[in-house]
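Below: the structure, in structure tokens.
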Amino acid sequence: MNLLSTLYSDSGKYKLHLHELIHALAENETKKYKQLSIMAEPDRARVATTVVFQGPKRRMDLVYHVSSDDTDTAEEVVLECQGYLTRMQMPPITSRNQLPTKPHLAQQSVTIAGMGCDSFAVFSKAINAITTVFERHVTAAKTVTGLDVSSTGTLSFSNRYFTQHDEVDDLTPIPFSQQIDPLGFLASVAEGIHTADNNVQYFEKIDGSNKILYRKIGPEDIYPGLLVQIQCSFSAVPIGLKRYRVIAKLRSICILDRIVEKVSWW
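In my numbering, the protein residues as written are 61 to 326.
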């Protein structure tokens, strides 16, 4: 069963399905403010958000504006977007071959596609607006490199398994779950700390209920071809003395429906 073959063989059908979903969310008075696309509205990102520096020569995190200078109360901006999962690098980690040469840089990542859907393209405009927010908070001598969202028609999100000791203060380690690291390969990595900021959650929407319900699943239940919803946050990380790079950090992934899978079975 190759879900991607099914997806691309009838791309017009799945493009329309995705457009209707995103449009409905954007029109919903409760849900539209959680959508990444809200940041594409004129001046929305500039007025509603700002950045918090984790320290000199450290990353910047996108947060909602607060009424005072008390950045400890600043709320991280977490937004949602939807698309078809086309690529993934996810746990469980069952072999050392899944880890890079420098294991402390290991990450999980996903790429979603919009099948040419105009509603999906708005997500790219939103990310460009968010990049502008980061640009306003660096000196003229420094540059911010945004995400490549213009050419591929896809969006990628990632989250490292480890945070380095010099990245942020007051790191509190948390253990890896059996779903992520069943054989202890990640737990044996000496460099870096696995924190709540590195944690990714996995869900599936439950059909057949008057209420919108979700159940927790394991990463092994997720695979390319599924229609998913991504929760993400944004940071700009230093990549040199005068440069920052914007990253879209993966917070959660939720299976919205299995329409492509159902067709593939027939």
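Every residue, glycine too, gets a C-beta built ideally from N, C-alpha and C.
Exercise for the section: With a threshold of 16 other CB atoms inside 10 Å of the CB of Val193, please say whether the residue is buried or exposed. Expected result: buried
Problem - Residue of Gln114, Gly278, Thr199 minimising C-alpha distance to Ile153 - result: Gly278
Practice task
With hydrogens ignored, establish whether the beta-carbon of Ser71 is closer than 7 angstroms to any heavy atom of the ligand SAM.
Solution key: No copy of the ligand SAM occurs in the structure displayed, which carries no ligand at all.
Exercise for the section: Taking 8 angstroms as the threshold, find out whether the region 305-314 comes into contact with the region 217-228 through three or more Cβ pairs. Expected result: yes
Problem - Cut-off 6 angstroms between Cβ atoms - residues of its own chain near Lys91, not counting five sequence neighbours on either side - result: Leu85
Handout entry: Beta-bridge pairing of Lys75 - partner residues as DSSP gives them
Key = For Lys75, which the question treats as bridged, DSSP gives no partner whatsoever.
Handout entry: Residue closest to Leu286, alpha-carbon to alpha-carbon, out of Leu96, Thr255, Pro163, Met148
Key = Met148
Practice task
Report the three-state DSSP secondary structure of Arg119 (helix, strand or coil).
Solution key: coil
Handout entry: Where Asp121 falls, given that 16 or more other Cβ within 10 Å makes a residue buried
Key = buried
Exercise for the section: Could you tell me which residues DSSP pairs with Cys141 in its beta bridges? Expected result: Ile290
Problem - For Tyr262, the nearest candidate out of Thr191, Thr205, Ile313, Gln238 (CA to CA) - result: Ile313
Practice task
Helix, strand or coil for Ala181, going by three-state DSSP, please let me know.
Solution key: helix
Practice task
Quick one: using the 10 Å Cβ neighbour count with 16 as the cut-off for buried, is Ile266 buried or exposed?
Solution key: exposed
Handout entry: Reference Thr212; option with closest CA among Ala200, His197, Phe180, Phe236
Key = Phe180
Practice task
Compute the Euclidean distance between the alpha carbons of Ala296 and Gly115, then round it to the nearest angstrom.
Solution key: 12 angstroms
Handout entry: Inter-residue spacing [alpha-carbon to alpha-carbon] between Ala186 and Ser248
Key = 39 angstroms
Practice task
Give the range of the beta strand (DSSP E) segment to which Tyr304 is assigned.
Solution key: 303-317
Exercise for the section: Taking the CB atoms as reference points, tell me whether Cys63 and Glu264 lie closer together than 8 angstroms. Expected result: Looking at the sequence shown, residue 63 is not Cys but Leu. Cβ atoms of Leu63 and Glu264: not closer than 8 angstroms.
Problem - Host beta strand (DSSP E) of Ser218 (start-end) - result: 214-220
Problem - Residue range of the alpha helix (DSSP H) that includes Val107 - result: 104-108
Practice task
Compute the Euclidean distance between the alpha carbons of Pro242 and Pro235, then round it to the nearest angstrom.
Solution key: 12 angstroms
Problem - Length-filtered (3 minimum) beta strand (DSSP E) runs lying within the region 141-175 - result: 167-173
Exercise for the section: Measuring alpha carbon to alpha carbon, tell me which of Lys75, Val112, Tyr124 ends up nearest Lys94. Expected result: Tyr124
Handout entry: Of the residues Leu81, Thr191, His225, the one placed nearest Gln142, counting alpha carbons only
Key = Leu81
Practice task
Mind checking which residues open and close the beta strand (DSSP E) that includes Leu273?
Solution key: 273-276
Practice task
Taking all protein chains shown into account, decide if Val107 is buried (16 or more other Cβ within 10 angstroms of its Cβ) or exposed.
Solution key: exposed
Exercise for the section: Compute the beta-carbon to beta-carbon distance between Glu140 and Ile290, rounded to the nearest angstrom, for a pair I have assumed lies under 8 angstroms. Expected result: 7 angstroms
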